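Below is one structure, written out as structure tokens; comments come after it.
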Amino acid sequence: MRSAIHLASAALALAALSFSAVPTAVAADTPDPVADAKAFQKFFTEKFPKLKLEDFVNGPYSMNEDLHRQWEEKEQFPPYEFSVDMGKEMFSKPFKNGKSYADCFPNQGIGIRQNYPYFDNKEGKVITLELALNRCREANGEPAFSYVKDEMAALTAYMAFTSRGKPFDIKIPDDPRALEAYQNGKRYFYTRRGQLNFSCATCHVQSPGERIRAEVLAPALGILNAMPIYRSEWSGMGTISRRFTTCNSQIRGVPLNPQDDEYRDLEYYLSYVSNGLPISGPGARP
Amino acid sequence: MRTSLLSLTSVLLIAGAPSVLAAGSEADFKAAYAAAEAANKEAGTLRNQWTVTAAALAAAKKAADKGDFDQAIASSKEAEALAKTSIFQATSEKEAWKALEIR
Amino acid sequence: MASTIRVRATLSGETTEVQALIQHPMDSGFVKDAKGEIIPPHFIQQLTFEYDGKSVFVADWGGGVSKDPYVKFSFKGGKKGDDLKISWVDNKGATDTTTAKIQ
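Residue numbers (the numbering used here), protein chains in the order written: chain A, 1 to 286; chain B, 1 to 103; chain C, 1 to 103.
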């Protein structure tokens, strides 16, 4: 098993070496997110010419016909319904001090998920939806939720549900700190880590539609649009934080803490390059 | 660069057996463990620790608790090698990541 | 209390297609919690769909069925507007039942 994984990663690395253009002197370090997003979307639409842009938000289900059929059936009675209901109930229930989540968010928190993460100019950092929810709780005297358990998953599932169909609309203000956060996220995405020496790109840029063990890999384009996801593997709903941390440990890297800067920046980058694609959350996955 | 990292990783993945040592003492173990811990700590500052490093450190501690210092030293040395590879990975990836970027 | 059973029954020609999603932990009794203690078995043992006084689908389940089970099946002989009764019993003796109209 181990040597098989090693061989797989070696093959992927060699493929990367032969696949990518010869690394000439890399262009100036000032990131150009607009150009990045264009190149990113072009890469995937050319790789999968039969797919429409919005199909990418369905991840593995757009990569495999058999899976797609199963998914269509599942969408008639989605397994995430219970979590969305729970999320709605939680969202509507006031805090002990009488205030509620609606007071913390624009438009009462309805139909705004596609604007997250955003760059906070005062704090100089990226704010994700999960982080904003916990800050709302703490500002109103409530304990924070774990970022990787059911409650946060249910809340973000409900909020994603109210934004279904709305295109991702992530903004990068003209602020060097925002550009730096964006660049950090991009760098994280492409950096190899863990004993298996995989980067996010190894699976989601180089091998979408192919299998890792029994799973069909999703393309990186649109990969956050369906979050949070009800994963059969988890028998439950899981947040973006849960997915980032478990991905790390699966490649034998010690995960960082949920909502550490690296993860926030990563979410910022991945969301931005999927601007224009519709929110499809919450989703279901194998 | 990348090929040598992979071959080093492959040595670590495939070869599990510790090298033959003269009977190790507790002092030898403590020194080996400290070295491994220090390397893993440095990997931590680079935000790139490996789960298998932690596992090797735990195995070393467990063996030492049982008085099996030979095994404890072997596990410590494995942990140190893994930690050093993770440092190498983090350092070389600072530039190497750009080769994977979609342009 | 809200029902744990969501069901949709649709008639197409002579065949009624039934889909149901049932909220239940379906603990097998083999999984340990974070403290290392076994989570006791808690699963649906029998699930029954009745139409016109007769069982059209009966499932005898054990701990091998996953949480929040989804069931889909078809039967001949339903009529639009008729009732379909669904009920389950679990190993703790708890039950739930609901009735849906065939659409």
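We put the CB at the ideal spot given by N, CA and C, even for glycine.
Here the structure is a predicted model, which is why all the values come from computation and not from measurement.
Item: Can you name the residues of chain C whose CB is closer than 8 angstroms to the CB of E81/A?; Value: R6 and L21
Item: Could you work out which residues of chain A lie near L46/B, taking near to mean beta carbons separated by less than 8 angstroms?; Value: Result: empty, since nearest Cβ-Cβ is about 10 angstroms, beyond 8 angstroms.
Item: DSSP beta-bridge partners for V58/C?; Value: T48/C
Item: Per DSSP, what kind of secondary structure is F30/C in: helix, strand or coil?; Value: coil
Item: Can you tell me the Cα-Cα spacing of P23/A and R252/A, whole angstroms?; Value: Annotation note: pLDDT 46 at P23/A (below 50); position unreliable, coordinate value reported separately. Looking at the two C-alpha atoms, the distance is approximately 28 angstroms.
Item: I'd like to know if the segment 54-68 of chain B and the segment 91-101 of chain B are in contact, where contact means that at least 3 CB-CB pairs between them fall below 8 angstroms.; Value: no
Item: If you draw a straight line from the C-alpha of T95/C to the C-alpha of K79/C, how long is it?; Value: 27 angstroms
Item: Rounded to the nearest angstrom, what separates G276/A and I223/A at their Cα positions?; Value: 13 angstroms
Item: For chain C, is any of its Cβ atoms less than 9 angstroms away from the one on Q76/A?; Value: yes
Item: Can you have a look at V7/C and say buried or exposed, based on whether 16 or more other CB atoms are within 10 angstroms of its CB?; Value: buried
Item: I'd like to know if A90/B contacts chain A, where contact means its C-beta is closer than 9 angstroms to some C-beta of that chain.; Value: yes
Item: With 9 angstroms as the threshold, decide whether the Cβ of S3/C is near any Cβ in chain A.; Value: no
Item: Do you know whose CA, among T48/C, M26/C and P25/C, lies nearest I86/C's CA?; Value: T48/C
Item: What beta strand (DSSP E) runs, 3 residues minimum, are completely inside the segment 77-156 of chain A?; Value: 118-120 and 125-127
Item: Nearest to Q250/A by alpha carbon, out of F29/B, A31/B, D70/B and W50/B?; Value: W50/B
Item: At 3 residues or longer, and completely inside the segment 167-235 of chain A: list those beta strand (DSSP E) runs for me, N to C.; Value: 229-231
Item: Using 8 angstroms for Cβ pairs, my map puts G165/A next to L270/A. What's the rounded Cβ distance?; Value: About 20 angstroms; that fails the 8 angstroms criterion.
Item: With a CB to CB cut of under 7 angstroms and the five nearest residues on each side skipped, what residues in its chain are close to Q183/A?; Value: P31
Item: Classify S86/B as helix, strand or coil using the three-state DSSP reduction.; Value: helix
Item: Please report whether the beta-carbon of L17/A lies at a distance below 9 angstroms from any beta-carbon of chain B.; Value: Reliability of the predicted coordinates at L17/A is poor, the pLDDT of 46 falling under 50, and the value obtained from them is presented with this limitation in mind. So, interface residue.
Item: Our contact map puts P167/A next to F119/A with C-beta atoms below 8 angstroms; I'd like the distance itself, whole angstroms only.; Value: Rounded, the Cβ-Cβ distance is 19 angstroms, inconsistent with contact.
Item: When the Cα atoms are used, what is the spatial distance from E65/A to M237/A?; Value: 24 angstroms
Item: Taking 9 angstroms as the CB-CB cut-off, is A83/B touching chain A?; Value: no
Item: Which same chain residues, not among the five before or five after A23/B, have their C-beta less than 8 angstroms away from its C-beta?; Value: F69 and D70
Item: Using a cut-off of 9 angstroms between C-beta atoms, extract the partners of R264/A located in chain B.; Value: In chain order: nothing, as chain B lies at least about 14 angstroms away.
Item: What first and last residue would you give for the alpha helix (DSSP H) that runs through I240/A?; Value: I240 to Q250
Item: Is there a Cβ from chain C that is less than 9 angstroms from the Cβ of E73/A?; Value: yes
Item: Have a look at K72/C and E14/C and give me their C-alpha separation to the nearest angstrom.; Value: 17 angstroms
Item: Count the other CB atoms, across all protein chains shown, that sit within 10 Å of the CB of F30/C; report buried if there are 16 or more and exposed otherwise.; Value: exposed
Item: If you count every other CB in all the chains shown that lies within 10 Å of the CB of K74/A, and 16 or more means buried, which is it?; Value: buried
Item: Starting from L84/C, trace the alpha helix (DSSP H) in both directions and tell me its first and last residue.; Value: Where L84/C is concerned, there is no enclosing alpha helix (DSSP H), although the beta strand (DSSP E) it sits in stretches over D83 to D90.
Item: Where does K47/A fall in DSSP's three states?; Value: helix
Item: Of all the options W71/A, V57/A, E81/A and Y268/A, which has the alpha carbon lying nearest to the alpha carbon of Y310/A?; Value: As displayed, chain A neither begins before 1 nor continues past 286, which places residue 310/A out of reach and without an answer.
Item: Would you kindly work out how many angstroms separate the C-alpha atoms of R103/B and L217/A, rounded to a whole number?; Value: 21 angstroms
Item: Give, in chain order, every residue of the segment 181-204 of chain A whose Cβ lies closer than 9 angstroms to some Cβ of chain B.; Value: K186, R187, Y188, F189, Y190, T191, R192, R193, G194, Q195, L196, N197, S199, A201 and T202
Item: From the beta carbon of Q71/B, is the nearest beta carbon of chain A less than 9 angstroms away?; Value: no
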